[in-house]
Amino acid sequence: MQLIDTHTHLDFEMFDDDRAQVIARSQNAGVERIVVLGVHEANWQRVWQLACEQPSIYAALGLHPVFIEEHRDEHLQQLRDWLERLHGDPNLCAIGEIGLDYYVEDPDIERQHELLEAQLALAAEFSLPVLLHVRRAHAPMIAMLKRHKLERAGVVHAFSGSWEEAREYLRLGFKLGLGGAGTWPQAQRMQRVLKQLPLDAIVLETDSPDIPPAGHAGERNSPELLPDICRMLAELKGVSAEELATASYRNSCELFGWPQP
Numbered sequence: 006m007q008l009i010d011t012h013t014h015l016d017f018e019m020f021d022d023d024r025a026q027v028i029a030r031s032q033n034a035g036v037e038r039i040v041v042l043g044v045h046e047a048n049w050q051r052v053w054q055l056a057c058e059q060p061s062i063y064a065a066l067g068l069h070p071v072f073i074e075e076h077r078d079e080h081l082q083q084l085r086d087w088l089e090r091l092h093g094d095p096n097l098c099a100i101g102e103i104g105l106d107y108y109v110e111d112p113d114i115e116r117q118h119e120l121l122e123a124q125l126a127l128a129a130e131f132s133l134p135v136l137l138h139v140r141r142a143h144a145p146m147i148a149m150l151k152r153h154k155l156e157r158a159g160v161v162h163a164f165s166g167s168w169e170e171a172r173e174y175l176r177l178g179f180k181l182g183l184g185g186a187g188t189w190p191q192a193q194r195m196q197r198v199l200k201q202l203p204l205d206a207i208v209l210e211t212d213s214p215d216i217p218p219a220g221h222a223g224e225r226n227s228p229e230l231l232p233d234i235c236r237m238l239a240e241l242k243g244v245s246a247e248e249l250a251t252a253s254y255r256n257s258c259e260l261f262g263w264p265q266p
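Take a look at the structure:
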């Protein structure tokens with residue numbers, strides 16, 4: 006089984022004691038490529054260094070809406086500087102993690118929209134896909150994406166919306182990132198949506214160290230659990246694990262512009 010983990014935070018300190026071992030175990034489990042996402046200006050260098058040191062790691066850089074209080078206007082210019090400097094480097098695969106989060110306490114919606122608009126414009130300018138975080142904000146996100154009409158689209162990470170919302174993202178060319186959340190018994194709406202999704206809409210992810218799959222409550226999530234996630238989601242969808250893994254691998258390669266074996 007060949008797999009790609011399209012969304013992780015392996016740079017987080019939770020992995021500091023055994024990061025290399027986690028990556029090695031993940032590769033042994035069939036996870037050939039791992040995307041690590043930046044969330045604020047302070048961790049971009051760490052993410053990029055990891056991508057440069059580990060052949061299986063690819064970097065995405067962005068300003069995450071949950072860290073809105075840490076972002077400064079100059080960070081947008083610094084993000085542009087990073088993108089200009091790394092333009093064409095194969096270790097850089099996307100802009101992310103970016104998005105909208107109306108679930109946080111007292112969200113600064115205007116500021117979130119400003120930052121997202123600016124980063125979508127950068128994605129269009131540098132022809133990079135976007136990796137989107139969306140919580141309780143699918144309607145405004147879809148409206149914004151319709152205005153921008155990104156050529157390379159991207160992934161709606163940890164998708165848990167309705168079938169109608171899923172269909173809107175698919176019409177815009179986006180893939181839906183599915184991971185551990187959908188494997189839990191209480192995720193009934195997500196499981197109903199999963200059964201309706203075409204295989205060419207799905208990419209697999211862990212969101213490590215967050216959102217572990219069923220049977221791993223309270224544990225640190227890791228890319229090495231992606232095969233388990235794949236098997237559980239495949240069973241829920243009614244396809245073989247190999248079929249889902251192959252589709253996700255193909256979709257991820259097409260999205261990031263990677264060659265397929």
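Residue numbering for the sequence shown follows my numbering, beginning at 6 and increasing consecutively.
We put the CB at the ideal spot given by N, CA and C, even for glycine.
Taking all protein chains shown into account, Lys200 has fewer than 16 neighbouring C-beta atoms within 10 Å of its C-beta and is therefore exposed. Judged by DSSP secondary structure, Glu248 falls within the alpha helix (DSSP H) whose first and last residues are 246–261. In its chain, beyond the 5 residues on either side, Ile9, Thr11, Val208 have a beta carbon closer than 7 Å to the beta carbon of Ser257. Annotation: the continuous alpha helix (DSSP H) that includes Arg90 extends over 78–91. Spanning the alpha carbons of Gln117 and Cys235 requires a straight line of approximately 32 Å.
Residue environment analysis places Ala163 among the buried positions, since at least 16 neighbouring C-beta atoms fall within 10 angstroms of its C-beta. Judged by DSSP in its simplified three-state form, Leu97 adopts strand. The three-state reading of DSSP puts Gly104 in strand, counting E and B together. Per DSSP, the beta-bridge partners of Ala65 are Leu42, Ala99. Within the same chain, Cβ atoms closer than 8 Å to the Cβ of Ile28 are found at Leu15, Ile39, Gln59, Ser61, Ile62, Pro228, the five residues on either side in sequence being excluded. Take Gln191, set aside five residues on each side of it, and no residue of its chain has a beta-carbon closer than 6 Å to its own. For Asn226 and Trp168, the gap between their C-alpha atoms comes out near 27 Å. Of the residues assessed, Pro218 falls on the buried side of the cut-off, its CB having 16 or more other CB atoms within 10 angstroms.
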